[in-house]
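Encoded as structure tokens, the structure appears first; notes follow it.
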Amino acid sequence: MSVTSGNIEDIIEILGNLQPFLRKPIIKNKLIDFFKSESSFQLETIELILDSLENIDIQKYQDLISSWLQVLVYFENIKINQIIKLFLSGLLKRKELINPLQPVLFYCINKMSTDQKDILRYCFLETLFMIPNYKNIIPSNLSEDSLKFLFKCYTSKTTT
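For our numbering, add 3 to where a residue sits in the sequence shown, where the first one is 1.
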């Protein structure tokens with residue numbers, strides 16, 4: 004049996020309906036398997052996920068995306084960079100997904116701790132610097148809020 008975007012949609016729905024305490028260990032184990040697999044499998048997996056996003060209500064799966072990001076930040080930076088690069092490469096072919104994804108990702112990231120946000124931001128920036136300019140989706144396709152998040156350092160609020 005081959006995996007299709009329809010199968011991925013079903014998996015996303017099942018994971019999205021689980022409670023976070025059940026969902027996170029599954030995500031962690033699947034990410035471990037993902038990083039152990041060959042690059043062709045990784046690319047195909049990301050392509051199928053992105054294909055399935057065209058057919059689902061991304062807003063409905065904010066909790067799933069939050070859980071995935073919360074698990075992802077505990078992997079080594081090189082692994083985070085690897086998956087970001089695969090998603091960015093896939094999004095380059097599907098620029099129509101960027102606008103619906105941005106607010107959901109931004110919402111999920113804003114719920115994270117400052118340390119977790121910093122890890123994701125630094126990995127995202129590292130990855131952007133590794134992608135050739137002609138293949139880059141920045142800055143023309145990202146919202147102002149997303150660009151502010153990427154290029155703004157977090158400072159603590161001081162009282163006067």
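Every residue, glycine too, gets a C-beta built ideally from N, C-alpha and C.
The closest CA to that of Pro103, considering only Asp148, Glu16, Asp60, Glu79, is found on Asp60. Exclusion of the five residues before and after Pro23 leaves Ser70 as the residues of its chain whose Cβ lies within less than 6 Å of its Cβ. With contacts defined as CB atoms closer than 8 Å, Leu75 and Gln45 fail to qualify as a contacting pair. For the segment 77 to 135, not one full-length beta strand (DSSP E) segment reaches 3 residues or more.
Here the alpha carbons of Leu94 and Leu67 stand approximately 19 Å from one another. Separation of Lys31 and Ile14 (C-alpha to C-alpha, rounded to the nearest whole angstrom) is 15 Å.
Taking 3 residues as the minimum length, the segment 18 to 51 contains no beta strand (DSSP E) run wholly inside it. Sequence-distant partners of Thr130 (beyond 5 residues in either direction) whose C-beta falls short of 6 Å from its own C-beta, in its chain, are Asn84, Ile87, Lys88. Counting every other CB atom within 10 Å of its CB across the protein chains shown gives Leu91 a total of 16 or more, marking it as buried.
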